[in-house]
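Engineer: Have a look at the structure that comes next, please.
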Amino acid sequence: MPLHTTDALILRTYKLGESDRIVVFLTRDRGKKRGVAKNARQSRRRFGGGLEPLTYGRVGYMEREHRDLVSLHYVEPLRSPLSAVDGESLGYVGYFAELIDEWAQEADPNETLFRLGTSMVEAIGVGVPIEPLARYFEYWMLRLGGVYEPDERLSDEAKAFLAAARICSPLMLRDVAVSRGTLRELEGAHRALIAMHLEKDLKSVRVLREMRR
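Just so we're aligned, residue 1031 is where the sequence shown starts under the numbering used here, counting upward by one.
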(Lines of atoms letter the chains of each structure in order from A and count residues from 1; the text may use other names and numbers.)
(Lines give C-alpha, C1' and ligand atoms only; values in the text may rest on other atoms or scores of the structure.)
Protein backbone atom coordinates (compact mmCIF):
# COMPACT_ATOMS: atom_id res chain seq x y z
CA MET A 1 0.00 0.00 0.00
CA PRO A 2 2.11 2.93 -1.28
CA LEU A 3 2.07 6.44 0.13
CA HIS A 4 0.43 8.82 -2.35
CA THR A 5 1.62 12.43 -2.31
CA THR A 6 -0.14 15.32 -4.02
CA ASP A 7 -1.10 18.98 -3.73
CA ALA A 8 -4.34 19.52 -1.86
CA LEU A 9 -6.71 22.04 -0.34
CA ILE A 10 -7.98 21.34 3.16
CA LEU A 11 -11.74 21.89 3.28
CA ARG A 12 -13.09 20.69 6.64
CA THR A 13 -12.22 18.67 9.70
CA TYR A 14 -14.39 16.78 12.18
CA LYS A 15 -13.61 15.27 15.55
CA LEU A 16 -13.21 11.50 15.62
CA GLY A 17 -12.91 9.83 19.00
CA GLU A 18 -10.72 11.42 21.64
CA SER A 19 -7.65 12.25 19.59
CA ASP A 20 -8.26 11.88 15.84
CA ARG A 21 -9.83 14.02 13.14
CA ILE A 22 -11.57 13.28 9.89
CA VAL A 23 -10.17 15.60 7.23
CA VAL A 24 -11.94 16.48 3.97
CA PHE A 25 -9.49 17.64 1.32
CA LEU A 26 -9.50 18.32 -2.41
CA THR A 27 -6.54 16.89 -4.30
CA ARG A 28 -5.23 18.19 -7.58
CA ASP A 29 -5.23 14.80 -9.30
CA ARG A 30 -7.74 12.52 -7.53
CA GLY A 31 -10.64 14.73 -6.54
CA LYS A 32 -12.09 15.02 -3.05
CA LYS A 33 -10.92 12.65 -0.33
CA ARG A 34 -11.84 11.99 3.28
CA GLY A 35 -9.15 10.74 5.61
CA VAL A 36 -8.33 10.04 9.23
CA ALA A 37 -5.58 12.15 10.78
CA LYS A 38 -4.40 10.09 13.74
CA ASN A 39 -3.70 11.99 16.98
CA ALA A 40 -4.33 15.31 15.21
CA ARG A 41 -6.13 16.67 18.27
CA GLN A 42 -3.39 15.71 20.73
CA SER A 43 -0.17 16.36 18.83
CA ARG A 44 0.43 19.32 16.54
CA ARG A 45 3.85 18.10 15.36
CA ARG A 46 2.58 16.06 12.41
CA PHE A 47 -0.02 18.48 11.15
CA GLY A 48 0.56 21.82 12.90
CA GLY A 49 -1.63 24.49 11.33
CA GLY A 50 -1.98 22.42 8.18
CA LEU A 51 -5.56 21.38 8.94
CA GLU A 52 -7.04 24.87 8.90
CA PRO A 53 -9.76 25.32 6.24
CA LEU A 54 -8.50 26.39 2.82
CA THR A 55 -4.87 25.63 3.63
CA TYR A 56 -3.01 24.73 0.44
CA GLY A 57 -0.21 22.24 0.84
CA ARG A 58 1.41 18.92 0.09
CA VAL A 59 -0.31 15.90 1.62
CA GLY A 60 0.67 12.27 1.99
CA TYR A 61 -1.94 9.57 2.43
CA MET A 62 -2.49 5.85 2.01
CA GLU A 63 -5.59 4.36 0.45
CA ARG A 64 -7.03 0.87 0.60
CA GLU A 65 -9.52 -0.64 -1.80
CA HIS A 66 -13.13 -0.67 -0.67
CA ARG A 67 -12.37 1.81 2.16
CA ASP A 68 -14.15 5.14 2.19
CA LEU A 69 -11.56 6.80 4.42
CA VAL A 70 -7.89 7.15 3.55
CA SER A 71 -5.14 7.38 6.16
CA LEU A 72 -3.71 10.90 6.17
CA HIS A 73 -0.03 10.81 7.16
CA TYR A 74 1.02 14.44 6.89
CA VAL A 75 0.20 17.91 5.58
CA GLU A 76 2.98 20.30 4.60
CA PRO A 77 1.37 23.77 4.36
CA LEU A 78 2.54 25.85 1.41
CA ARG A 79 0.04 28.70 1.64
CA SER A 80 -2.52 29.60 4.27
CA PRO A 81 -5.44 32.06 4.36
CA LEU A 82 -4.37 32.85 7.92
CA SER A 83 -1.75 35.13 6.33
CA ALA A 84 -4.56 37.47 5.23
CA VAL A 85 -3.69 41.15 5.61
CA ASP A 86 -7.38 41.96 6.10
CA GLY A 87 -9.03 40.36 9.13
CA GLU A 88 -12.47 40.52 7.49
CA SER A 89 -11.27 38.11 4.83
CA LEU A 90 -10.86 35.34 7.41
CA GLY A 91 -14.63 35.29 7.86
CA TYR A 92 -15.00 34.18 4.23
CA VAL A 93 -12.55 31.28 4.45
CA GLY A 94 -15.19 28.91 5.78
CA TYR A 95 -17.63 30.06 3.09
CA PHE A 96 -15.18 29.35 0.26
CA ALA A 97 -14.20 26.00 1.76
CA GLU A 98 -17.84 24.93 2.27
CA LEU A 99 -18.76 25.85 -1.30
CA ILE A 100 -15.86 23.85 -2.73
CA ASP A 101 -16.77 20.91 -0.51
CA GLU A 102 -20.38 20.98 -1.70
CA TRP A 103 -19.38 21.28 -5.37
CA ALA A 104 -16.53 18.78 -5.48
CA GLN A 105 -17.33 15.14 -6.15
CA GLU A 106 -15.76 12.27 -4.23
CA ALA A 107 -12.69 10.87 -6.02
CA ASP A 108 -13.56 12.80 -9.21
CA PRO A 109 -10.54 14.82 -10.44
CA ASN A 110 -11.37 18.45 -11.18
CA GLU A 111 -8.18 20.46 -11.60
CA THR A 112 -10.06 23.58 -12.70
CA LEU A 113 -11.96 23.67 -9.40
CA PHE A 114 -8.72 22.98 -7.55
CA ARG A 115 -6.98 25.88 -9.28
CA LEU A 116 -9.92 28.19 -8.50
CA GLY A 117 -9.62 27.29 -4.83
CA THR A 118 -5.86 27.83 -4.67
CA SER A 119 -6.24 31.18 -6.46
CA MET A 120 -8.59 32.27 -3.66
CA VAL A 121 -5.94 31.47 -1.05
CA GLU A 122 -3.36 33.49 -2.96
CA ALA A 123 -5.71 36.45 -3.46
CA ILE A 124 -6.68 36.53 0.23
CA GLY A 125 -3.01 36.46 1.20
CA VAL A 126 -2.13 39.54 -0.87
CA GLY A 127 -5.14 41.56 0.24
CA VAL A 128 -7.52 41.50 -2.73
CA PRO A 129 -10.78 43.12 -1.47
CA ILE A 130 -12.85 40.28 -0.10
CA GLU A 131 -16.35 41.16 -1.34
CA PRO A 132 -15.41 41.47 -5.04
CA LEU A 133 -13.36 38.30 -4.56
CA ALA A 134 -16.39 36.48 -3.10
CA ARG A 135 -18.60 37.51 -6.04
CA TYR A 136 -15.87 36.39 -8.47
CA PHE A 137 -15.61 33.05 -6.69
CA GLU A 138 -19.39 32.46 -6.70
CA TYR A 139 -19.61 33.36 -10.38
CA TRP A 140 -16.89 30.89 -11.37
CA MET A 141 -18.23 28.15 -9.10
CA LEU A 142 -21.60 28.45 -10.82
CA ARG A 143 -20.00 28.47 -14.27
CA LEU A 144 -17.83 25.44 -13.55
CA GLY A 145 -20.89 23.64 -12.24
CA GLY A 146 -22.76 24.39 -15.45
CA VAL A 147 -25.61 26.07 -13.57
CA TYR A 148 -24.86 29.76 -14.13
CA GLU A 149 -27.83 31.52 -15.69
CA PRO A 150 -27.29 35.08 -16.96
CA ASP A 151 -29.92 37.41 -15.53
CA GLU A 152 -30.92 40.21 -17.87
CA ARG A 153 -32.43 42.07 -14.91
CA LEU A 154 -28.97 42.79 -13.51
CA SER A 155 -27.77 46.37 -13.60
CA ASP A 156 -25.26 47.51 -16.22
CA GLU A 157 -22.58 47.79 -13.55
CA ALA A 158 -23.22 44.22 -12.40
CA LYS A 159 -22.98 42.96 -15.99
CA ALA A 160 -19.75 44.90 -16.45
CA PHE A 161 -18.26 43.31 -13.31
CA LEU A 162 -19.15 39.82 -14.55
CA ALA A 163 -17.70 40.61 -17.98
CA ALA A 164 -14.44 41.57 -16.27
CA ALA A 165 -14.56 38.45 -14.07
CA ARG A 166 -14.74 36.27 -17.17
CA ILE A 167 -11.36 37.41 -18.42
CA CYS A 168 -9.32 38.49 -15.39
CA SER A 169 -7.54 36.65 -12.61
CA PRO A 170 -8.52 37.13 -8.96
CA LEU A 171 -5.42 39.27 -8.41
CA MET A 172 -6.60 41.71 -11.10
CA LEU A 173 -9.84 42.41 -9.21
CA ARG A 174 -8.03 45.21 -7.38
CA ASP A 175 -8.23 47.18 -10.64
CA VAL A 176 -11.95 46.52 -11.24
CA ALA A 177 -14.18 49.35 -10.01
CA VAL A 178 -17.48 48.19 -8.51
CA SER A 179 -19.84 49.78 -6.00
CA ARG A 180 -21.01 48.19 -2.75
CA GLY A 181 -24.58 48.28 -4.02
CA THR A 182 -23.64 46.27 -7.09
CA LEU A 183 -21.77 43.73 -4.97
CA ARG A 184 -24.92 43.28 -2.85
CA GLU A 185 -26.98 42.88 -6.03
CA LEU A 186 -24.68 40.14 -7.31
CA GLU A 187 -24.54 38.51 -3.90
CA GLY A 188 -28.32 38.10 -3.89
CA ALA A 189 -28.41 36.74 -7.43
CA HIS A 190 -25.56 34.29 -6.86
CA ARG A 191 -26.79 33.04 -3.49
CA ALA A 192 -30.23 32.33 -4.97
CA LEU A 193 -28.67 30.21 -7.76
CA ILE A 194 -26.41 28.39 -5.30
CA ALA A 195 -29.27 27.59 -2.93
CA MET A 196 -31.41 26.38 -5.83
CA HIS A 197 -28.62 24.13 -7.12
CA LEU A 198 -27.65 22.69 -3.72
CA GLU A 199 -31.26 22.62 -2.49
CA LYS A 200 -30.20 24.03 0.87
CA ASP A 201 -28.66 27.07 2.54
CA LEU A 202 -25.01 26.96 3.55
CA LYS A 203 -24.10 27.14 7.23
CA SER A 204 -21.31 29.59 6.43
CA VAL A 205 -23.80 32.03 4.89
CA ARG A 206 -25.47 32.39 8.27
CA VAL A 207 -22.06 33.11 9.81
CA LEU A 208 -21.42 35.87 7.26
CA ARG A 209 -24.79 37.41 8.02
CA GLU A 210 -23.95 37.48 11.71
CA MET A 211 -20.64 39.18 10.93
CA ARG A 212 -22.49 42.09 9.30
CA ARG A 213 -24.71 42.78 12.29
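Glycine is no exception: its CB is placed at the ideal position from the N, C-alpha and C atoms. Quick caveat: nothing in here was measured; it's all calculated off a predicted structure.
Quick one: using the 10 Å Cβ neighbour count with 16 as the cut-off for buried, is Val1242 buried or exposed?
Structural biologist: The question names Val, but residue 1242 in the sequence shown is Arg. Burial call: exposed.
Engineer: Taking Glu1240 as part of the alpha helix (DSSP H), name the residues at either end of that continuous run.
Structural biologist: Lys1233 to Arg1242
Engineer: What are the start and end residues of each continuous beta strand (DSSP E) run of 3 or more residues lying completely inside the region 1174-1201, in chain order?
Structural biologist: Those beta strand (DSSP E) runs which fall completely within the region 1174-1201 and span 3+ residues do not exist here.
Engineer: Looking at the unbroken alpha helix (DSSP H) that takes in Leu1228, where does it start and where does it end?
Structural biologist: Arg1210 to Leu1228
Engineer: Note down, in chain order, each residue of its chain lying with its Cβ closer than 6 Å to the Cβ of His1220, except the 5 sequence neighbours on either side.
Structural biologist: Glu1168
Engineer: Helix, strand or coil for Ser1149 per DSSP?
Structural biologist: DSSP places Ser1149 in helix when its eight states are reduced to three.
Engineer: How about Ala1134 and Pro1200: do their beta carbons lie closer than 8 Å?
Structural biologist: Not closer than 8 Å, so no.
Engineer: Between which two residues does the beta strand (DSSP E) carrying Asp1037 extend?
Structural biologist: Residues Leu1033 to Leu1046.
Engineer: Measure from the alpha carbon of Glu1187 to the alpha carbon of each residue in Arg1071, Arg1214 and Arg1064, then state which is nearest.
Structural biologist: Arg1214
Engineer: Starting from the Cα of Thr1036, find the closest Cα among Glu1118, Glu1106 and Arg1196 and give me that residue.
Structural biologist: Of the listed residues, the one whose Cα sits closest to Thr1036 is Glu1106.
Engineer: Pull up the distance between the alpha-carbon of Met1122 and that of Val1206, whole angstroms please.
Structural biologist: For the record, residue 1122 in the displayed sequence is Tyr; it is not Met. Rounded to whole angstroms, Tyr1122 to Val1206 spans 20 Å at the Cα level.
Engineer: Let me know the secondary structure DSSP gives Asp1131 once reduced to three states.
Structural biologist: helix
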